[in-house]
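In my numbering, the protein residues as written are 27 to 899. For each residue, glycine too, the CB sits at the ideal point set by N, CA and C. Keep in mind the model is a prediction, meaning the values are calculated, not measured. These notes are about the structure you will find just below.
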């Protein structure tokens, strides 16, 4: 078996590029791990390099795993940047060969399990880079912008290069192993006797499993780091760079080779063991025969009379002994030939993780357990342990908000029960694993966990199976996050009747959040659940089919294919559809809206370096689309009806700062305006005319001006509807029609944090929460709404979060708006704090959400003298 050398990339134009000012970036993997703490102290003592705190986001703390330093000395205009990654890799920007040699030598005392120097040099990666307006990878070179994001862009390129060289070391190790076993495979191929001893094979198997163990321990290196979750542009850059270095393909090939090697090792071991077992069995048989022979000889002379036989002839001692010996032999043979049988506890890991005294009442602590981490929580004197990361986008829960019996994610507000790990508020689909905790007499806290759950950090709740004798039918109209959550919650709560989900889109429910943020989304990777999941849990999904009528009296739903379904109970979560203004040219081919995955695919396909994009609307959809497009096209212009974007959501001051952020990134605004008409030829947009007569060239136009509720089919259904198409519900999400529930965008439902005031709120997490509450009530588990609206947006890598609802009379901003590091308090009638927003100040909004969910009320007076005095210590 041959493992081909990874091809080195040809760079025939290197000299030409260097002559034109390009610099070099080089990456090395020198050890299994670096001691970054000692390395940092040594670098400071050396006084040649200045550490840089380039990762300041509160979203996730990546800095303990990477050290970024810049040389204090300068040669030319370009600085020297060095990125040291904890996993034993270093990436050097604009360093000479002599500098690189000195740095690699300097690193050795801080390496753990250093690699062979020849392999380190052989498996290094080198690229050329230069500065440009937009960060990208093109023509075998990196291009870094000259903006304040340059350090993060270099970090992103370095991250991917670091992974490539680490993978190269593993590939080289595997290649050496395969070369060392080549003579054995030749013997197997020729049918010769294998020329390897059992001790030698054990040693070789140990080498193989040691390599596999190292790779498994480092498997999270091959995943997209959490750092990129809410930095879509950097994530795209990271993925492009990983694709350039063929990370996915090389990983797949390496795993295939590893599996092949394991199979080969098993085959050889089995062959050697068979020989060994055969020799043992023959030895046992010979010993038995010898013993039986001696016994027969011993008793042979004794005469046996007829009388003795009639009086009762017993089995001779020789025969009895021979039978016992054969039984013993059988047991020995069984023990020899079944060495891999029996029950083992390898699926679990149990270890002491800390002392009981290390975690106080109402505190959380993240601890290591084997190759993973768990979250310990102490409440009401009881210690519990659950998964340490949010099942939605992987935020560390230890940095979140601890409530009463649950912990809330700092990023997007999902909540998990601290005893069961069950998800109780959203976004997300999966619960967290929960682990057994015991405390010893000396205060040792021991946690026992399944290795598989420790690795995935997710758990899907047990679902009830369909029972043929249960003739009830529950129908869900709408295949978005709300409908999907309702469907599986019904099964989780023990409903055994028929569950039907009707989805007018031709695909399974997916993560709709990504539609405007990441238009090049891979739909398959964004699915909330697979078809196999729905098949396994007997949830019928009708795709590409819409409901056209609901007859409340007959309890019957008519579909656009003519099919009719009778229902016992129904949940309607049909959401909304994007609004197109009633203007000339609004239906041209390259005039788009953004609501579905198909919409995102259409817009993304229209983008190009020479294209000009016009966006109508300064909503979240409009601004997220602008942020996505600006680095992919020649020009982006946003048309806004008001003077300040997002004023209604965040307020005037924050809206202006967001507008400045967009202008800094090259987005142009035309405010207090609108589009009068779209002008095109042959169904293709060419220009837009604004309300003041201004003409703008446009290759793409995106409407982001709100939406209308998708409820027209419910007219004459018996369901009471409001003028805007929304539907009033009670606190259990039931409508005026018994057994019919609604949720998501179309529900005008009570808001718990605002004393039960009715409101129509179109937020993704709230839609999922509605789906769960509706399912519980449909299943007979009376569950009132306790909704606390929570939403977020990510604009140019900055996460803005908001919790609450209502129209404020006053907004108090604490922090630095210029640096986009602030908390805003929204003050309503009577001085009540009705909402809170933040940027780079996690987890304060999550803490306010948990505070409000407990029925507590915060007032303006509570903000002085300490605006955060209400947060539990």
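{"Query": "Buried/exposed call for residue 789, threshold 16 Cβ in 10 Å", "Result": "buried"}
{"Query": "Beta carbon proximity, residue 91 to chain C, threshold 8 angstroms", "Result": "Looking for chain C here will not work: only one protein chain is present."}
{"Query": "Residue 287 and residue 204 closer than 8 angstroms at C-beta", "Result": "yes"}
{"Query": "Residue 546 (DSSP reduced to helix, strand or coil)", "Result": "coil"}
{"Query": "Three-way DSSP call (helix, strand, coil) for residue 162 in this model", "Result": "strand"}
{"Query": "Same chain, Cβ closer than 8 angstroms to residue 650, five either side skipped, listed in chain order", "Result": "542, 543, 819, 820 and 821"}
{"Query": "Whole-Å CB distance - residue 714 paired with residue 640, under 8 angstroms assumed", "Result": "5 angstroms"}
{"Query": "Rounded Cβ spacing between residue 863 and residue 676 (contact assumed at less than 8 angstroms)", "Result": "6 angstroms"}
{"Query": "Cβ shell of residue 548 (< 8 angstroms), same chain only, five flanking positions each side left out", "Result": "none"}
{"Query": "CB contact flag (residue 666, residue 695, <8 angstroms)", "Result": "yes"}
{"Query": "Counterpart residues of residue 52 in DSSP-defined beta bridges", "Result": "118 and 152"}
{"Query": "Short Cβ contact (8 angstroms threshold) for residue 882 with residue 866", "Result": "no"}
{"Query": "DSSP bridge partner residues for residue 704 (one or two, in chain order)", "Result": "714"}
{"Query": "Sequence-distant residues of the same chain with beta carbon closer than 8 angstroms to residue 660, five excluded per side", "Result": "635, 636, 637 and 638"}
{"Query": "Beta-carbon contacts of residue 782 that lie in its chain and below 8 angstroms, excluding the five residues immediately before and after", "Result": "757 and 776"}
{"Query": "Nearest residue (CA-CA) to residue 146, options 114, 899 and 157", "Result": "114"}
{"Query": "Simplified DSSP state of residue 243, which is helix, strand or coil", "Result": "Only weak support exists for where residue 243 lies, its pLDDT of 48 falling under 50; the coordinates are left without a value."}
{"Query": "Pick from 854, 897, 496 and 374 that is closest to residue 869, judged by C-alpha positions", "Result": "897"}
{"Query": "Proximity to residue 155 [Cα-Cα], best of 141, 144 and 171", "Result": "171"}
{"Query": "Within 8 angstroms, strictly: CB atoms of residue 794 and residue 511", "Result": "yes"}
{"Query": "Buried versus exposed call for residue 518 [16 or more other C-beta atoms within 10 Å across all chains shown]", "Result": "buried"}
{"Query": "Touch test, the segment 552 to 562 against the segment 598 to 605, Cβ-Cβ under 8 angstroms, three pairs minimum", "Result": "no"}
{"Query": "Own chain partners of residue 138 with C-beta closer than 8 angstroms, once the 5 adjacent residues on each side are dropped", "Result": "57, 58, 59, 60, 61 and 114"}
{"Query": "Cβ contact check for the segment 474 to 487 and the segment 384 to 399: 3 or more pairs under 8 angstroms", "Result": "yes"}
{"Query": "DSSP bridge partner residues for residue 825 (one or two, in chain order)", "Result": "820"}
{"Query": "Residue 533 CB to nearest heavy atom of the ligand ZN below 7 angstroms", "Result": "This structure lacks the ligand ZN, and indeed carries no ligand of any kind."}
{"Query": "Residue 590 burial status per 10 Å Cβ neighbour count (16 or more: buried)", "Result": "exposed"}
{"Query": "Beta-ladder partner(s) of residue 599, from DSSP", "Result": "According to DSSP, residue 599 bridges with nothing at all."}
{"Query": "Extent of the continuous alpha helix (DSSP H) run through residue 194", "Result": "176 to 206"}
{"Query": "C-beta atoms of residue 804 and residue 500 nearer than 8 angstroms", "Result": "yes"}
{"Query": "DSSP-derived helix/strand/coil call for residue 618", "Result": "strand"}
{"Query": "Same chain, Cβ closer than 8 angstroms to residue 628, five either side skipped, listed in chain order", "Result": "618"}
{"Query": "Three-state secondary structure (DSSP) of residue 884", "Result": "coil"}
{"Query": "Residue 753 and residue 578 closer than 8 angstroms at C-beta", "Result": "no"}
{"Query": "Neighbourhood of residue 382 by C-beta distance below 7 angstroms, restricted to the same chain and skipping five residues each side", "Result": "465, 469 and 471"}
{"Query": "Among 377, 539 and 563, the one whose alpha carbon lies nearest that of residue 473", "Result": "377"}
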